[in-house]
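Undergrad:
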Amino acid sequence: MADRRRRLVLLSARHAIRRTPGARRPLDPLSLVRYVWPLLFVVLVLIGTMLVTRDMGPLLIAGYGAGAFVAASIAMWWHERHRATGAAFAIAVALFVLWILATTLALFELGSIDDVTAARLENLAAPMASANDQLALVSWFQSAAPPTGFGLGNVPWCGYAIARGCAGVPAQIQSDYTFTALVGAFGWTFAWAMTIGCAVWLHRLVRHHGRVTRGEPRFIMARGRVINDDQAFLSWLAVAWVVLALCQLAVTVAGNLAVLPLTGVTFPFVSFGMTSLLVNLALLALCLHINVPGQAPHAS
Amino acid sequence: MPSHQRSGASPACLLNGPITLLEFAIAASVAVVPLLLVVLVVVAEMRPSDPSAKARTNGNQHVSLREVAALKTFERAIVRRDAVTAALPTPDALLDGVPQCRADWDGRGGTMHRIRQLLARSHQATLSPAQRMAAQFEELDAALKRFSTGANRRVGDAVGFDVRRWYDAVRVTLQAPVESAEYPGRRFMVLCSDVARAVATLSRGDGRMLAALAWRGTVVDRAMARWRPEQYVEISAQQVARGNPWSGLAGCIYMGFSAPEADVAMPEYFVAAARAAATRLCNRPAMMGVAASDRPAARPVGLLDEGARTCRWMTSAGASRHRLR
Chain A
3 MADRRRRLVL
13 LSARHAIRRT
23 PGARRPLDPL
33 SLVRYVWPLL
43 FVVLVLIGTM
53 LVTRDMGPLL
63 IAGYGAGAFV
73 AASIAMWWHE
83 RHRATGAAFA
93 IAVALFVLWI
103 LATTLALFEL
113 GSIDDVTAAR
123 LENLAAPMAS
133 ANDQLALVSW
143 FQSAAPPTGF
153 GLGNVPWCGY
163 AIARGCAGVP
173 AQIQSDYTFT
183 ALVGAFGWTF
193 AWAMTIGCAV
203 WLHRLVRHHG
213 RVTRGEPRFI
223 MARGRVINDD
233 QAFLSWLAVA
243 WVVLALCQLA
253 VTVAGNLAVL
263 PLTGVTFPFV
273 SFGMTSLLVN
283 LALLALCLHI
293 NVPGQAPHAS
Chain B
3 MPSHQRSGAS
13 PACLLNGPIT
23 LLEFAIAASV
33 AVVPLLLVVL
43 VVVAEMRPSD
53 PSAKARTNGN
63 QHVSLREVAA
73 LKTFERAIVR
83 RDAVTAALPT
93 PDALLDGVPQ
103 CRADWDGRGG
113 TMHRIRQLLA
123 RSHQATLSPA
133 QRMAAQFEEL
143 DAALKRFSTG
153 ANRRVGDAVG
163 FDVRRWYDAV
173 RVTLQAPVES
183 AEYPGRRFMV
193 LCSDVARAVA
203 TLSRGDGRML
213 AALAWRGTVV
223 DRAMARWRPE
233 QYVEISAQQV
243 ARGNPWSGLA
253 GCIYMGFSAP
263 EADVAMPEYF
273 VAAARAAATR
283 LCNRPAMMGV
293 AASDRPAARP
303 VGLLDEGART
313 CRWMTSAGAS
323 RHRLR
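So the sequences go chain by chain: A and B.
All you need for our numbering is the position in the first sequence, starting with 1, plus 2.
All you need for our numbering is the position in the second sequence, starting with 1, plus 2.
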């Protein structure tokens with residue numbers, strides 16, 4: 003009985019040491035696995051689901067996006083052990099960059115396992131001779147666009163013209179080529195300014211969001227009601243949405259520039275059927291619907 | 003969520019309070035922006051020096067090499083009708099004839115396919131590719147018979163489809179990769195799906211494509227000198243090529259390039275629809291295919307505004323490069 007009590011006390015003490023903020027912990031690779039495993043499990047389930055449904059465009063986006071959270075988890079693990087804040091932030095960014103590079107490498111090396119991805123990779127490598135002509139159309143259109151674009155209303159897309167009446171790109175496909183459409187309408191400078199501006203704005207949004215929320219991403223019972231634990235859930239939602247939207251933006255632009263294969267994923271906020279606009283605006287509204295802490299009254 | 007993620011996420015906390023996982027996630031997400039800039043630099047600075055990039059942007063024609071290779075299997079299979087040695091294939095015979103494509107054409111699919119069907123709850127009974135192709139072969143053979151025996155026929159003898167020769171041609175095509183001078187070192191493997199698509203292409207619309215091919219009987223002897231003795235048809239890349247539709251837009255048909263002394267050919271006239279926007283568009287140097295600095299002193303004159311709507315000036319897919327030079 004005494005032995006058991008002693009063991010219990012020792013275990014509690016060990017747990018207390020592990021949980022004490024500021025305590026430096028040993029670097030144990032197993033602890034990293036234990037730390038990141040739940041997140042990796044979610045990532046693997048996500049990837050598995052998309053492989054089964056054969057939705058490769060969103061899979062690529064999710065594959066890239068998952069890296070931000072894996073990188074953040076590893077950075078947190080590092081921070082818990084070394085207390086070096088700057089280094090931990092640098093690790094988060096560096097690991098995400100490495101994840102993106104590794105995912106891109108995997109796409110090119112292993113992508114041909116899947117038929118659809120193999121066709122897109124072939125299209126990227128040989129746009130004028132592959133079975134798919136989409137990159138040829140995009141390249142031709144970008145070359146034809148004047149430096150300042152054709153101007154709104156003058157862009158020679160086919161739009162709703164019947165296929166035999168126009169040899170351009172049908173309207174539905176234009177949904178995937180929003181960056182190219184921006185080049186056609188307003189020119190390269192504007193298209194890049196819009197893209198970089200959108201990325202910076204999205205990141206700024208989530209950066210400021212994280213500053214005004216606290217708590218944990220969970221629901222709690224308070225005053226007989228189920229409520230958010232001080233809005234952290236909203237911030238996590240915002241981060242997840244922004245990371246995916248940023249990856250979506252980068253993949254779409256890189257696809258249009260023949261750096262990555264075309265994925266069929268739309269530009270954030272813009273798509274032929276407007277669902278992208280609706281979903282993204284709904285998420286934006288959700289993220290903006292936040293209680294900003296009031297400023298402290300000025301002392302008189 | 004571990005307790006370290008609790009509380010303080012205000013700006014001051016970045017320095018003073020406990021750092022949260024959320025802040026690391028936000029910090030990591032910033033990596034996308036510099037990567038976008040890297041892409042910009044790669045495209046703007048490094049890509050133009052890559053020789054394959056020139057082929058990428060300079061080519062004004064898209065030809066699917068795999069499609070051409072798959073269609074060319076019919077050059078061996080379309081022979082004189084009285085030289086046909088085998089009857090049209092049944093779906094099972096088709097699977098036996100091209101065993102490499104059994105898995106693709108039998109319609110059963112793999113485990114993943116069955117899981118997808120289960121998830122989609124799709125229980126619709128659809129034709130297998132082999133069944134569809136067998137039906138298309140019948141349509142093609144009927145079309146060949148009509149095409150080669152009717153009035154104003156373009157081929158010297160009545161022709162038909164010999165499936166045995168086609169099996170041989172398909173087996174060879176599936177094994178030998180196709181190469182292109184435009185993309186040296188790149189090998190294109192013809193897939194079973196390409197072959198199935200070629201059958202569909204040839205049989206579509208009662209064999210509408212047959213009229214566009216080169217046939218023994220209408221092709222000049224000099225061109226036919228390189229044909230095999232038993233060959234009746236030639237399917238070339240030109241027949242399936244897709245032109246750059248923006249190399250002379252539909253609706254901006256330029257003509258009258260009557261300045262032989264100029265370095266760059268300048269149009270004197272263009273035909274466009276009777277809309278002001280179309281006229282403005284056709285007057286742009288970019289539309290004429292000339293640099294802005296080479297803009298002609300006198301603008302080209304718009305002609306036949308109403309006539310552009312008539313059949314005479316109508317453009318169609320593949321025929322949009324009606325720039326008369």
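Ideal placement from N, C-alpha and C gives every residue a C-beta, glycine not left out.
I need the boundaries of the beta strand (DSSP E) containing G212(A), first residue and last residue.
TA: Note, G212(A): premise wrong, no beta strand (DSSP E); alpha helix (DSSP H) at W190 to R213.
Undergrad: Output the distance between the C-alpha atoms of I76(A) and T182(A), rounded to the nearest integer angstrom.
TA: Taking the straight line from one Cα to the other gives about 37 angstroms.
Undergrad: Return the bridge partner residues of G162(B) from the DSSP annotation.
TA: According to DSSP, G162(B) bridges with V81(B).
Undergrad: What whole-angstrom Cβ distance do E216(B) and V65(B) have, given they're in contact under 8 angstroms?
TA: For clarity, residue 216(B) is Ala in the given sequence; the question names Glu instead. In fact, because the Cβ distance is near 16 angstroms, the residues do not count as touching under 8 angstroms.
Undergrad: Identify the contact partners of G61(B) in chain A, using a Cβ-Cβ distance below 7 angstroms as the criterion.
TA: Residues of chain A passing the Cβ test: M130.
Undergrad: Do we get a CB-CB distance below 7 angstroms when we pair Y162(A) with the residues of chain B?
TA: Its pLDDT being 48, under 50, Y162(A) is placed unreliably in this model, and the value from its coordinates should be taken loosely. No, Y162(A) does not count as interfacial toward chain B.
Undergrad: With DSSP run on the structure shown, which of helix, strand or coil describes I21(B)?
TA: Correct three-state label for I21(B): coil.
Undergrad: Residues in the stretch 226-238 of chain A with C-beta within 8 angstroms of chain B's C-beta atoms, listed in sequence order?
TA: Going along the stretch 226-238 of chain A in chain order, one finds A234, S237 and W238 with a Cβ nearer than 8 angstroms to chain B.
Undergrad: At 8 angstroms on the CB atoms, spell out the chain B contacts of I292(A), in chain order.
TA: Result: empty, since nearest Cβ-Cβ is about 12 angstroms, beyond 8 angstroms.
Undergrad: Rounded to the nearest angstrom, what separates L251(A) and F192(A) at their Cα positions?
TA: Rounded to whole angstroms, L251(A) to F192(A) spans 15 angstroms at the Cα level.
Undergrad: Out of T51(A), R227(A), F43(A) and M78(A), which one is the CA nearest neighbour of L23(B)?
TA: Out of T51(A), R227(A), F43(A) and M78(A), M78(A) has the C-alpha closest to the C-alpha of L23(B).
Undergrad: Who are the near neighbours of A247(A) in its chain, counting only those whose CB is closer than 6 angstroms to its CB and skipping five residues on each side?
TA: Around A247(A): L204 and P270.
Undergrad: For V228(A), which residues from the same chain have a beta carbon less than 6 angstroms from its beta carbon, with the 5 sequence-adjacent residues on both sides left out?
TA: Excluding residues within five positions, the ones whose Cβ falls inside 6 angstroms are F221.
Undergrad: Would you list the one or two residues that DSSP bridges to V72(A)?
TA: In DSSP, V72(A) forms no bridge with anything.
Undergrad: Please tell me whether E232(B) has its Cβ less than 7 angstroms away from any Cβ of chain A.
TA: Not one chain A Cβ lies under 7 angstroms of E232(B).
Undergrad: For a contact meaning CB atoms closer than 7 angstroms, what does V45(B) contact in chain A?
TA: Simply L259 and V261.
Undergrad: With DSSP as the reference, identify every bridge partner of S293(A), one or two as the case may be.
TA: Here residue 293(A) turns out to be Asn, not Ser, going by the sequence shown. DSSP output for N293(A) lists no bridge partner at all.
Undergrad: Can you tell me whether W248(B) is helix, strand or coil according to DSSP?
TA: The answer is coil: DSSP assigns W248(B) none of H, G, I, E or B.
Undergrad: Between D159(B) and R82(B), which are expected to be in contact by the criterion C-beta below 8 angstroms, what is the C-beta distance as a whole number of angstroms?
TA: About 5 angstroms; that satisfies the 8 angstroms criterion.
Undergrad: Measuring only between beta-carbons, confirm whether A240(A) sits less than 7 angstroms from chain B.
TA: No, A240(A) does not count as interfacial toward chain B.
Undergrad: Tell whether a beta-carbon distance below 7 angstroms holds between A30(B) and A70(A).
TA: Against a cut-off of 7 angstroms, the Cβ pair of A70(A) and A30(B) comes out as a contact.
Undergrad: Using the Cα positions of F110(A) and L207(A), report the straight-line distance between them to the nearest angstrom.
TA: Cα-Cα distance, rounded: 33 angstroms.
Undergrad: Distance, Cα to Cα, A138(A) vs M130(A)?
TA: Taking the straight line joining both Cα atoms gives about 6 angstroms.
Undergrad: Taking the DSSP output, what are the residues bridged to V180(B)?
TA: DSSP output for V180(B) lists F190(B) as bridge partner(s).
Undergrad: Span of the alpha helix (DSSP H) holding N258(A)?
TA: From DSSP, the alpha helix (DSSP H) with N258(A) extends over A234 to N258.
Undergrad: Going by C-alpha to C-alpha distance, which of Y179(A), V202(A), L41(A) and Y37(A) sits closest to T268(A)?
TA: It is Y179(A).
Undergrad: In terms of DSSP beta bridges, what is N230(A) paired with?
TA: Answer is F221(A).
Undergrad: Do you know offhand how far V241(A)'s Cα is from V99(A)'s?
TA: Their backbone Cα atoms lie some 17 angstroms apart in a straight line.
Undergrad: Per DSSP, what kind of secondary structure is A216(B) in: helix, strand or coil?
TA: Reduced to three states, the DSSP call for A216(B) is strand.
Undergrad: In the DSSP assignment, find the unbroken alpha helix (DSSP H) run with D94(B) in it and report its ends.
TA: Unbroken alpha helix (DSSP H) run through D94(B): P93 to G99.
Undergrad: What is the DSSP secondary structure of A165(A), counted as helix, strand or coil?
TA: No answer about A165(A) holds up, because its pLDDT of 48 lies below 50 and its placement is not dependable.
Undergrad: Going by the CB atoms, is the gap between L264(A) and G257(A) shorter than 7 angstroms?
TA: Yes.
Undergrad: Please compile the residues from chain A whose C-beta is within a distance smaller than 8 angstroms of the C-beta of D108(B).
TA: Going along chain A, no residue has its Cβ under 8 angstroms from D108(B), so there is no contact; the nearest lies around 16 angstroms.
Undergrad: Within a Cβ cutoff of 8 angstroms, which residues of the same chain sit near L2(B), ignoring the five residues on either side of it in sequence?
TA: Examination of residue 2(B) is not possible in this model, given that chain B is present from 3 through 327 alone.
Undergrad: Determine the chain B residues that contact C289(A) at a beta-carbon separation under 7 angstroms, and present them in chain order.
TA: Under the 7 angstroms cutoff, chain B gives no residues; its nearest Cβ is about 13 angstroms from C289(A).
Undergrad: Quick check on this structure: which residue in A73(A), S33(A) and L32(A) has the alpha carbon closest to the alpha carbon of V45(A)?
TA: Per the Cα distances, A73(A).
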